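Here the numbering used here is used: the first residue of the sequence shown is 10, the next is one more, and so on. Note sheet for the following structure.
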Amino acid sequence: MVYKKMAQSLLILMVMGLFIGVMPTCSNQKVYSSDPLIIGDNPVDEIFEIDSKTEFYHTGGIMVTGRGVLVVNGTLYQTGNVYITGNGTLRVDGGKFHIDGHDTNVYVDNYGSCIFNNALLHYVQDYVSQHNLIGGNNGQFVFRNSWVDCDGSIEFVHLVDNALYDAVDTHFTDWTTWYLYDQTALSLEDVNYAGDIVFYDSPTLRFKNTNVVMPWLYFAEGAAIDYTFPEEKTITATIDNTVKGISGIPWTLTMENCSYVAWGVNPYPGSDITVRNSQLTMAMFRFAGEGEFNLKGIMRNNSYYKDETIPVTDRHFRLVNTSVKWWKVDVIDDFQLKADSIVFSEMVLKNNSRAYLTHSICEGQTIHLGAEDNAFLYFEKGEVWSYVSVWENAVMVLSDSVVDWEKGKFIYQRCNIAHGNSRLYCLNSALKSKPEAYDSALVMFASITGPDHGRIGDSIPIFGSAWIDTGPESGVTFLQYQLAWAKNGTDWTVIAESFDPVEEGILGAWDTSGFKEGEYNLRLQIRVAGDDSDHPTDSYPVYRVVILTSSSSDRLTCGWRGKIQQV
10 MVYKKMAQSL LILMVMGLFI GVMPTCSNQK VYSSDPLIIG DNPVDEIFEI
60 DSKTEFYHTG GIMVTGRGVL VVNGTLYQTG NVYITGNGTL RVDGGKFHID
110 GHDTNVYVDN YGSCIFNNAL LHYVQDYVSQ HNLIGGNNGQ FVFRNSWVDC
160 DGSIEFVHLV DNALYDAVDT HFTDWTTWYL YDQTALSLED VNYAGDIVFY
210 DSPTLRFKNT NVVMPWLYFA EGAAIDYTFP EEKTITATID NTVKGISGIP
260 WTLTMENCSY VAWGVNPYPG SDITVRNSQL TMAMFRFAGE GEFNLKGIMR
310 NNSYYKDETI PVTDRHFRLV NTSVKWWKVD VIDDFQLKAD SIVFSEMVLK
360 NNSRAYLTHS ICEGQTIHLG AEDNAFLYFE KGEVWSYVSV WENAVMVLSD
410 SVVDWEKGKF IYQRCNIAHG NSRLYCLNSA LKSKPEAYDS ALVMFASITG
460 PDHGRIGDSI PIFGSAWIDT GPESGVTFLQ YQLAWAKNGT DWTVIAESFD
510 PVEEGILGAW DTSGFKEGEY NLRLQIRVAG DDSDHPTDSY PVYRVVILTS
560 SSSDRLTCGW RGKIQQV
């Protein structure tokens, strides 16, 4: 629920005294401004217009309040947050609105309105969730005969309280994921892509003449379902408590003449769900509360279930003659999940949850592998066919794993990013795109990539990487790495120590004079300065086994170096 909380709390900022005045309307030119802009404070019915011949480049916050109106008939390039509140209106009428910047959003609250009429909304973005539309408390987004362009990435829309999003004859060039809470409403008519509709509580959802509708149907505690989902190419249907086999749901969903409908279910603890003779595109399983669970194998993408009850005791979820194309897993609250050999489309950890995954694959159809808030995720000997992201104070550890967006069917994002004050530790892992740290985050990359054999008496070069990346607000610095060896994993002896990071190079030379034949363990640790995290870097070493022999015929092999990309 991170975005619900963010929407409710950040909208309070709309009363801030940051904004100090209004720029005069300019025309027939390019205008640049970095001054905060407030419209509707004095007078309350103030109108600020960017005419059809003006390109207005603005950096900083914009607030539209009172009965103020920001009219964009020309082009607005906005780098910074936009707040529309207290009956204020942003109206893009025949114009273009480009939003840029790092983690910048458009907030509509308290009867504010954001209206696009024959207009363009363009997200200038390099990563998923760089910009969001967030509405609450009678705020509304209205689109008519307009375009939404996300630069090949994804648009996120978050609605809380009783906010409204209403679009007619609108073209989305990229994918949209909607998150609806409380008594919100979503209405799409004559829309080419509806996208993912993830909802909770009691919203109202309406779709007419709309393509690619992918609702994640929320079944809360007390919901009882025994249902077969329609599979016609074009669907007209209503799902609510009046439908036979459905009870205990507080929401209503209607479709009229919609094509490429992909059904998804989201059974919560306390629900009783049976799906028969259906093709589910998505099954979302959210582990919540303070419990723990061990999961093995049963959740696998592209699986058919003749008659299977998912073995989780806090809800009843039965699949009869039903296929599931994609499984999505969320772990929230204080729940702890241990899973082995599962194949899923996405997993996101939130709150204080923990998860330990082994031999599993995130195929990335519904985006990525992620952790938020204060969550902890350990992913070992697995693959991610999209990207990873870490937010707030979360920690993600990738051990002996591969992250490669080229393996996935859908490309949402290529970069792997640690945001906020998070930690991303890559241990003996190969990533298609070099991981990056934003804000005050920390990325650690540690690997021993070879050799796996050596000859006694030689000075053997040990290959690998030992480096960190930090965000611009971080005070963490690289201190040193230490490479050591041991027989049977005890009594470690230092091979090399260095204050200089290494990217795919030689970590040290191992003198094996006087050694006996057998297996030896190598260990690499990275130490940093200025980090007070509960997960210090030197608590996450990497290891490699090397076999030493005395025969001159034995060949020194360097083994796999994890060289998906030069880093």
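The beta-carbon is built from N, C-alpha and C at its ideal position, and this holds for glycine as well. Note that this is a predicted model, so its numbers are computed, not measured.
Suppose contacts are defined by Cβ-Cβ distances below 8 Å. Is residue i in contact with residue j by that definition?
{"i": "Glu64", "j": "Gly89", "result": "no"}
{"i": "Ala518", "j": "Pro460", "result": "no"}
{"i": "Phe57", "j": "Leu79", "result": "yes"}
{"i": "Ile163", "j": "Gly121", "result": "no"}
{"i": "Ala505", "j": "Asp478", "result": "no"}
{"i": "Glu579", "j": "Asn218", "result": "In the structure as shown, the chain starts at 10 and stops at 576, and residue 579 therefore has no counterpart that could be examined."}
{"i": "Ala292", "j": "Ile258", "result": "no"}
{"i": "Asn530", "j": "Ala475", "result": "no"}
{"i": "Gly97", "j": "Ile59", "result": "no"}
{"i": "Ser369", "j": "Ser354", "result": "no"}
{"i": "Phe150", "j": "Val117", "result": "yes"}
{"i": "Lys337", "j": "Thr290", "result": "no"}
{"i": "Ala455", "j": "Pro444", "result": "no"}
{"i": "Arg464", "j": "His544", "result": "no"}
{"i": "Leu436", "j": "Ser408", "result": "yes"}
{"i": "Gly95", "j": "Asn126", "result": "no"}
What residue range does the beta strand (DSSP E) around residue i cover?
{"i": "Met293", "result": "Gln288 to Phe296"}
{"i": "Ser122", "result": "Ser122 to Asn126"}
{"i": "Ser42", "result": "Lys39 to Ser42"}
{"i": "Pro276", "result": "Gly273 to Pro276"}
{"i": "Lys305", "result": "Glu301 to Lys305"}
{"i": "Ile319", "result": "Careful: Ile319 lies outside any beta strand (DSSP E) and carries neither H nor E."}
{"i": "Arg536", "result": "Gly527 to Ala538"}
{"i": "His3", "result": "Because the chain spans 10 through 576 in this model, residue 3 falls outside it and cannot be assessed."}
{"i": "Gln345", "result": "Gln345 to Asp349"}
{"i": "Asp199", "result": "Ala194 to Val200"}
{"i": "Glu381", "result": "Glu381 -> no beta strand (DSSP E), and no H or E assigned at all."}
{"i": "Glu513", "result": "Val511 to Asp520"}
{"i": "Gly498", "result": "Looking at the DSSP string, Gly498 is not in any beta strand (DSSP E), and its letter there is neither H nor E."}
{"i": "Ser211", "result": "Note, Ser211: premise wrong, no beta strand (DSSP E); not H, not E."}
{"i": "Phe106", "result": "Lys105 to Asp109"}
{"i": "Ala364", "result": "Arg363 to Thr367"}
{"i": "Asn114", "result": "Thr113 to Asp118"}
{"i": "Ser398", "result": "Val397 to Val399"}
{"i": "Glu372", "result": "Note, Glu372: premise wrong, no beta strand (DSSP E); not H, not E."}
{"i": "Arg553", "result": "Val551 to Thr558"}
{"i": "Ile394", "result": "It should be noted that the sequence gives Trp, not Ile, for residue 394. Here Trp394 belongs to no beta strand (DSSP E), and DSSP marks it neither H nor E."}
{"i": "Arg309", "result": "Unbroken run through Arg309: none, as it is neither H nor E."}
{"i": "Thr98", "result": "Thr98 to Asp102"}
{"i": "Asp281", "result": "Asp281 to Arg285"}
{"i": "Thr185", "result": "Trp184 to Leu189"}
How close, in whole Å, do the beta carbons of residue i and residue j come, if the pair is a contact with beta carbons under 8 Å?
{"i": "Asn430", "j": "Ala450", "result": "6 Å"}
{"i": "Ser410", "j": "Ser438", "result": "5 Å"}
{"i": "Leu516", "j": "Phe472", "result": "7 Å"}
{"i": "His325", "j": "Ile282", "result": "7 Å"}
{"i": "Asp342", "j": "Gly298", "result": "5 Å"}
{"i": "Asp158", "j": "Leu129", "result": "7 Å"}
{"i": "Glu415", "j": "Gln345", "result": "Glu415 to Gln345, Cβ: 32 Å. No contact."}
{"i": "Asp44", "j": "Gly69", "result": "7 Å"}
{"i": "Val101", "j": "Gly75", "result": "Rounded, the Cβ-Cβ distance is 19 Å, inconsistent with contact."}
{"i": "Thr8", "j": "Val207", "result": "Here the chain comprises residues numbered 10 to 576, so residue 8 is not present and cannot be evaluated."}
Check whether the Cβ of residue i sits closer than 7 Å to any heavy atom of the ligand NAD, and report yes or no.
{"i": "Trp494", "result": "In the structure on display, the ligand NAD does not appear, and there are no ligands present to speak of."}
For residue i and chain C, any beta-carbon pair shorter than 8 Å?
{"i": "Met223", "result": "The question asks about chain C, but that chain is absent: this structure has only one protein chain."}
At 4 residues or longer, and completely inside the segment 407-494: list those alpha helix (DSSP H) runs for me, N to C.
none
Those runs of the beta strand (DSSP E) which lie wholly inside the segment 50-88 and span at least 3 residues
56-59, 64-68, 71-73, 78-81 and 84-88
Entirely within the segment 128-174 and at least 3 residues each: give me those beta strand (DSSP E) ranges in chain order.
DSSP assignment within the segment 128-174 yields the following whole beta strand (DSSP E) runs of 3 residues or more, N-terminal first: 129-132, 140-145, 149-153, 156-158 and 163-168.
Is it a yes or a no for the segment 268-282 touching the segment 304-314, going by three-plus beta-carbon pairs under 8 Å?
no
Closer than 8 Å is the cut-off here; do at least three beta carbon pairs connect the segment 394-410 with the segment 376-385?
With the cut-off at 8 Å, the segment 394-410 and the segment 376-385 touch.
For the segment 96-107 and the segment 358-372, state whether three or more C-beta atom pairs, one from each stretch, are separated by less than 8 Å.
no
Cβ contact check for the segment 478-495 and the segment 529-544: 3 or more pairs under 8 Å:
yes
Determine contact between the segment 194-206 and the segment 166-186, defined as no fewer than three beta-carbon pairs at a distance below 8 Å.
yes
Let me know the beta strand (DSSP E) ranges lying completely inside the segment 220-273, each 3 residues or longer, listed in chain order.
220-228, 233-236, 243-248 and 261-270
Is the segment 257-264 touching the segment 218-227 in the sense that three or more CB pairs, one from each, lie closer than 8 Å?
Counting Cβ pairs under 8 Å, three or more are found: they touch.
Touch check for the segment 510-529 and the segment 381-393: three-plus C-beta pairs under 8 Å?
no
Check whether the segment 319-337 touches the segment 275-290, taking contact to mean three or more Cβ pairs, one atom from each stretch, closer than 8 Å.
yes
Three CB pairs or more closer than 8 Å across the segment 137-147 and the segment 169-177:
yes
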